[in-house]
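What follows is a set of notes on a single structure, which appears directly below.
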Amino acid sequence: MRRPSPAGRPSSAGGRAPRPREGQAEQLGFEGMPERLFVCTPSKLGTYADCPRRYRYSYVDRPAPPKGPPWAHNSLGASVHTALRNWYDLPHERRRPEALAVLLRGTWVREGYRDEEQERAAYRRALGWLEAYVETLEPEVDPLGVERVVAVKTAVLAFNGRADRIDSRPGPDGPELVIVDYKTGRTGLDADDARGSQALALYAYAAERTFRRPCRRVELHHLPTGTVAAHEHTSESLARQVSRAEETARDIMAAERAVAAGADPDEAFPTTPSPRCGWCDYRRTCPVGAQTPGKEPWAAVES
């Protein structure tokens, strides 16, 4: 028979831990322990950079405020991206422009359009973009990754993201990786857009460490115009983009701590009027956004 342990001590079977003596503070942690990493995606960081208030509605408030109606341009972009992903799932001999009509029809998202006529016109345009785009590709060449998740940790961030495509191409010292991002917006893009994209830089930084190969080139493939906007990063420029992301993460964590301590959420996550307010999912919830003329859900895909 097990003998009872002396008072105030746990038994060998793991009894209750002794309570701290009166006036003795209970130890809650260790000084100098590192802060938790900020888990993020490019979308999460970009949302805060665009509007801290929108970040709050998306990631902090629970339950989140109701969103507005679906956007047709998001439906169009999702349909095109999924069709291209499925195109790479086909055997090499079937990767032909003729296969795209079936692929696009099978992935088509119908939400947000003004009416069936606008939706059919958008489908025809998207199919034309895809057919022209795949003519520039080599059907027998497989990318290293299609919609591939890459991840990396820094002293501040635990970053993960899904790159549209990661190519492996010959370089002067061996194979090098290239980040490819598809774009379907109405406006064209140039090298400054590729250079300034924090998301592309973070993908490149993470891919280089995931696959242990150099990854410095990033490309924006604009399907409506068939143009490619590219930039060659250096290790220094990638480091600067990572530092920017870490600063954003610190700002977010500081705002979240302030709200948890009782600060006014509107002050911790402010907003100012901007043209983006008209496209915001939470325009009707945000007092500032509600004063901005809103866009129709189908406006961005008008011919």
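Mapping the sequence shown onto UniProt numbering, position 214 (from 1) lands on 214, and the numbers just tick up by one. Heads up, the beta-carbon is just placed ideally off N, CA and C, and yes, glycines get one too. Because the structure is a prediction, the values reported are computed rather than measured.
Selection from the options that minimises the alpha carbon distance to residue i
i	options	result
D181	A239, A132, R148 and R120	R148
G174	V156, C215, R209 and L189	C215
D61	A290, D115 and T285	T285
W87	R54, G145, L103 and S79	L103
V141	L130, T292, D193 and R165	R165
residue 340	T184, F38, H221 and P143	What the structure shows of the chain is the stretch from 1 to 303, and residue 340 is not part of that stretch, so it cannot be assessed.
A290	T184, G145 and P275	P275
Start-to-end residues for the alpha helix (DSSP H) that takes in residue i
i	result
R94	Run containing R94: none; DSSP gives neither H nor E here.
residue 305	An answer regarding residue 305 cannot be provided, because it is not within the stretch 1 to 303 covered by the chain.
L130	E116 to V134
E267	P265 to A268
Pair within 9 Å by beta-carbon distance, residue i and residue j
i	j	result
Y113	P297	yes
C51	A245	no
A230	E219	yes
A72	E111	yes
Y205	V259	no
K44	Y55	yes
T107	A83	yes
Span separating the alpha-carbon of residue i from that of residue j
i	j	result
A25	G262	Unreliable positioning characterises A25 in this predicted model, as indicated by a pLDDT of 44, which lies under 50. The coordinate reading is nonetheless provided below. Taking the straight line from one Cα to the other gives about 25 Å.
D264	A254	13 Å
P170	R217	12 Å
H81	H92	19 Å
A122	L76	8 Å
E267	E256	11 Å
D193	V242	17 Å
Per DSSP, the bridge partner or partners of residue i
i	result
S168	L177
N74	N74 pairs with nothing; no bridge assigned.
C286	Per DSSP, none; premise fails for C286.
The beta strand (DSSP E) enclosing residue i, as first and last residue numbers
i	result
T292	Element bounds for T292: n/a, residue is neither H nor E.
W146	Before going further, note that residue 146 is Val rather than Trp in the sequence given. V146 -> beta strand (DSSP E) spans G145 to K153.
V218	C215 to H222
V39	F38 to C40
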